[in-house]
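For the sequence shown, my numbering gives the first residue as 789, with consecutive numbering after it. Even for Gly, the Cβ is constructed at its ideal location relative to N, Cα and C. Please read the structure below before turning to the comments.
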Amino acid sequence: MGAGFAGMAAAIELQERRHEVLLLERRGVLGGRATSFPDAATGEDVDNGTHLMIAGYEATLDLVRRAGASDLLLVQDHLRIDYRDDRGWTSLDCPPLPAPWHLLAGLVPLRLPWRSRWDAVRLGLSARVGRVPRDITLAEWFRRTRQSPTTRRLLWDPLATAILNETPERAAAVLFREVFREAFLRRRDAARLVFLRAGYGRLHERLAAYFRGRGGLLRRRALVESIEIDGGRVQAVHYTQRAETRNEIRRGASDRPERVEADGVVAAVPWSALPSLVPEPLRAERPFADAAHLRGSAIVSIELWLDRVVVDRPMAGLRDTEVEWVFDKGRLYGREGAPQHLAFIVSAAERAVPRPNAELAAAAEAALRRYFPAMAEARVVRSLVLREPEATFSCDPEAEALRPGPGTPVRGLVLAGDWTATGLPATIEGAVRSGRTAARLLDAR
């Protein structure tokens, strides 16, 4: 149930273990909280939030390779992140040295006070050999490792907020530590950024084609109503099948109730949707009650199309602005020149969600006019604002105690999703790992 990264990974894993698999997705598009759609005016893919991967996402990249979709990936030769501020460009540029020396060398060209470089060394040592910072916030861990306010502002806070989709004052330190270790301390090439040459919806269509090509059955616009449980064991899934094809939608086909018997169910649905799918008595038990207590964290994406090229690289961090990152989607998709399609991201965007579209678009435009001289003559020809109020779960220390593993007290029912206990924040890699883990547990049982 659910055709996001977790559900797709679980479905493919079970299918490759020779099970008959039915994949149910409530929407017409695949991908869950990491999908895309063609813009009505330009036809260009628009993601529901720009999602980044890194080369250390081994489970995700393996899934993409097995599905024959590696041609959609654009992988950096080495990690390089360009930042823009009032003094111009500066870069985190990591040379091909063994980890973690590549990171230390990469900090040299980045415009930072020397105190901040020592701060980074101290944090790296703590992440590598120090005590695991359990049950504390990231801000507290920064205090314990003596990270200065300047180091946080210029280096850690923008990076951590983008990775965790939560502010350091609320996020669990242990999650940032694990990402830091996986990206920077284990392999020198793990932190290389991986972009897509198209929207995430297209990647999911390729994964779905692989799934269907091996005999899997996919039902879109299938709204799961409940999981039928009897004697402590899964018996069936009840769902409403809405008009699925364009032809059915055009002729106004009626919704029809469906019941499909199942030996096993992978619930790869959002945490907020899980409790209502099981019978009432189970909702007060773990893990269903724990899922009901998790909270969401928002992401706001602002898409601008300009009448000329203003930003001359595929991605940039914008220091000291409301919008932390800008991506040249046109360039990433293989198109250069005007109109330039830029995507801006506001993570942990609780305060941004209620703001009017025009105000958010103006904030993105103001950042461009502040840092890019070419913007003086440029004109915004189209804007689009997307809000994902529950883009990820809010990864505070309390949530770490609530995140469930894949198993449940119901025989034949397992859980998957980036919000489960993966040891990672809400990332694509966490979702894929959870899907595989859930599938293997179900297969073993």
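May I ask you to report which of helix, strand or coil DSSP gives residue i?
{"i": "Trp1059", "result": "coil"}
{"i": "Asp850", "result": "helix"}
{"i": "Ile842", "result": "strand"}
{"i": "Asp833", "result": "strand"}
{"i": "Gly1027", "result": "The sequence given here places Tyr at residue 1027; Gly does not occur at that position. Of the three classes helix, strand and coil, the one that applies to Tyr1027 here is strand, per DSSP."}
{"i": "Arg1199", "result": "strand"}
{"i": "Ser1042", "result": "coil"}
{"i": "Gly1007", "result": "Here the sequence assigns Arg to residue 1007, which means Gly is not the residue at that position. Here Arg1007 sits in strand by DSSP."}
{"i": "Leu1212", "result": "coil"}
{"i": "Glu1073", "result": "coil"}
{"i": "Leu811", "result": "strand"}
{"i": "Glu1032", "result": "coil"}
{"i": "Val1054", "result": "strand"}
{"i": "Val817", "result": "coil"}
{"i": "Asp1206", "result": "coil"}
{"i": "Tyr1121", "result": "coil"}
Would you list the one or two residues that DSSP bridges to residue i?
{"i": "Arg868", "result": "Asp881"}
{"i": "Arg990", "result": "According to DSSP, which records beta bridges pairwise, Arg990 is partnered with nothing at all."}
{"i": "Val1088", "result": "Val1134, Arg1175"}
{"i": "Asp1018", "result": "Arg1021"}
{"i": "Met1103", "result": "Phe1115"}
{"i": "Trp1093", "result": "His1129, Arg1170"}
{"i": "Trp1049", "result": "One detail in the question is off: residue 1049 reads as Glu in this sequence, not Trp. Answer by DSSP bridge pairing, in chain order: Ala1024."}
{"i": "Thr955", "result": "Paired residue(s): none; Thr955 is not in a bridge."}
{"i": "Ala960", "result": "Thr925"}
{"i": "Pro826", "result": "Asp833"}
{"i": "Ser1180", "result": "Checking the sequence, you will find Thr at residue 1180 rather than Ser. Thr1180 is bridged to Ser1085."}
{"i": "Leu1065", "result": "Leu1065 pairs with nothing; no bridge assigned."}
{"i": "Val982", "result": "Met841, Val863"}
{"i": "Asp873", "result": "Gly876"}
{"i": "Val1012", "result": "Tyr1027"}
Taking C-alpha atoms, which residue in the options lies nearest to residue i?
{"i": "Ala1155", "options": "Arg1107, Tyr998, Ala1189", "result": "Arg1107"}
{"i": "Asp881", "options": "Asp874, Ser936, Asp870, Arg875", "result": "Asp870"}
{"i": "Val967", "options": "Asp1231, Ala1214, Thr1225, Ala1227", "result": "Ala1214"}
{"i": "Leu1094", "options": "Ala1080, Gly837, Ala1131", "result": "Ala1131"}
{"i": "Leu995", "options": "Pro1197, Arg941, Thr1180, Leu849", "result": "Leu849"}
{"i": "Asp1231", "options": "Gln803, Gly795, Met789", "result": "Gln803"}
{"i": "Gly1052", "options": "Ala1227, Leu900, Arg1083", "result": "Ala1227"}
{"i": "Leu1092", "options": "Arg1170, Ala1189, Ala1024, Asp859", "result": "Arg1170"}
{"i": "Arg932", "options": "Ser1085, Leu942, Arg919", "result": "Arg919"}
{"i": "Arg1139", "options": "Gly1105, Ile1087, Thr1109", "result": "Ile1087"}
{"i": "Ser879", "options": "Ala1031, Ala1189, Glu1073, Leu943", "result": "Leu943"}
{"i": "Ala855", "options": "Val1134, Leu811, Glu801", "result": "Glu801"}
{"i": "Leu900", "options": "Gln935, Arg1044, Ala948", "result": "Gln935"}
{"i": "Arg985", "options": "Glu1068, Ala847, Ala1072, Asp833", "result": "Asp833"}
{"i": "Trp877", "options": "Glu808, Pro1161, Asp945", "result": "Pro1161"}
{"i": "Arg730", "options": "Gly1001, Val1066, Glu846, Gly1003", "result": "Given that the chain is displayed from residue 789 to residue 1233, the structure contains no residue 730 and the question cannot be resolved."}
{"i": "Val1168", "options": "Gly1118, Ala1072, Arg1096", "result": "Arg1096"}
{"i": "Gly1019", "options": "Pro1067, Leu867, Arg1034, Gly1003", "result": "Pro1067"}
{"i": "Thr1208", "options": "Trp906, Val1198, Leu1190, Pro1197", "result": "Leu1190"}
{"i": "Ala857", "options": "Phe825, Leu991, Glu954", "result": "Leu991"}
{"i": "Arg1123", "options": "Ile1133, Arg1101, Thr1109, Arg1143", "result": "Arg1101"}
Is residue i near residue j, with beta carbons less than 8 Å apart?
{"i": "Ala1204", "j": "Ser1222", "result": "yes"}
{"i": "Gly820", "j": "Phe793", "result": "yes"}
{"i": "Ala1151", "j": "Val1098", "result": "no"}
{"i": "Ala915", "j": "Asp1184", "result": "no"}
{"i": "Ala1166", "j": "Ile1090", "result": "no"}
{"i": "His890", "j": "Pro897", "result": "no"}
{"i": "Pro1177", "j": "Gly1040", "result": "no"}
{"i": "Ser1135", "j": "Ala950", "result": "yes"}
{"i": "Arg1007", "j": "Glu1036", "result": "no"}
{"i": "Ala797", "j": "Leu851", "result": "yes"}
{"i": "Asp835", "j": "Gly987", "result": "yes"}
Apart from the five residues just before and just after residue i, which ones in its own chain have a Cβ nearer than 6 Å to its Cβ?
{"i": "Arg922", "result": "Val962"}
{"i": "Val1057", "result": "Met789, Gly790"}
{"i": "Val1202", "result": "Val1054, Pro1194, Ala1226, Leu1229, Leu1230"}
{"i": "Glu1188", "result": "Ala960"}
{"i": "Glu1080", "result": "Note on residue identity: the sequence assigns Ala, not Glu, to residue 1080. Only Pro1063 meet the Cβ criterion."}
{"i": "Arg805", "result": "Asp1231"}
{"i": "Ala1219", "result": "Phe793, Ala794, Asp1206"}
{"i": "Arg1071", "result": "Pro1063"}
{"i": "Thr823", "result": "Val817, Asn836, Tyr988, Gly989"}
{"i": "Tyr998", "result": "Ala855"}
Residues in the same chain with beta-carbon distance under 8 Å from residue i, minus the five sequence neighbours each way, listed in chain order, please.
{"i": "Ala971", "result": "Ile842, Gly844, Ala978, Ala979"}
{"i": "Thr830", "result": "Trp1093, Pro1127, His1129, Arg1170"}
{"i": "Thr925", "result": "Pro956, Glu957, Arg958, Ala959, Ala960, Ala961, Asp1184, Pro1185"}
Give me, in chain order, the residues of the same chain whose beta-carbon lies closer than 7 Å to that of residue i; leave out the 5 immediate sequence neighbours on both sides.
{"i": "Asn1145", "result": "Val1173"}
{"i": "Ala1050", "result": "Val1022, Ala1024, Val1025"}
{"i": "Pro993", "result": "First, the amino acid is wrong: residue 993 is Glu here, not Pro. Within the same chain, Glu993 has close Cβ partners Leu818."}
{"i": "Gln864", "result": "Arg980, Leu981"}
{"i": "Tyr1027", "result": "Leu812, Ala1010, Leu1011, Val1012, Glu1013, Glu1046"}
Is there at least one Cβ from chain E nearer than 8 Å to residue i's Cβ?
{"i": "Arg910", "result": "Note that chain E does not occur in the displayed structure, where there is just one protein chain."}
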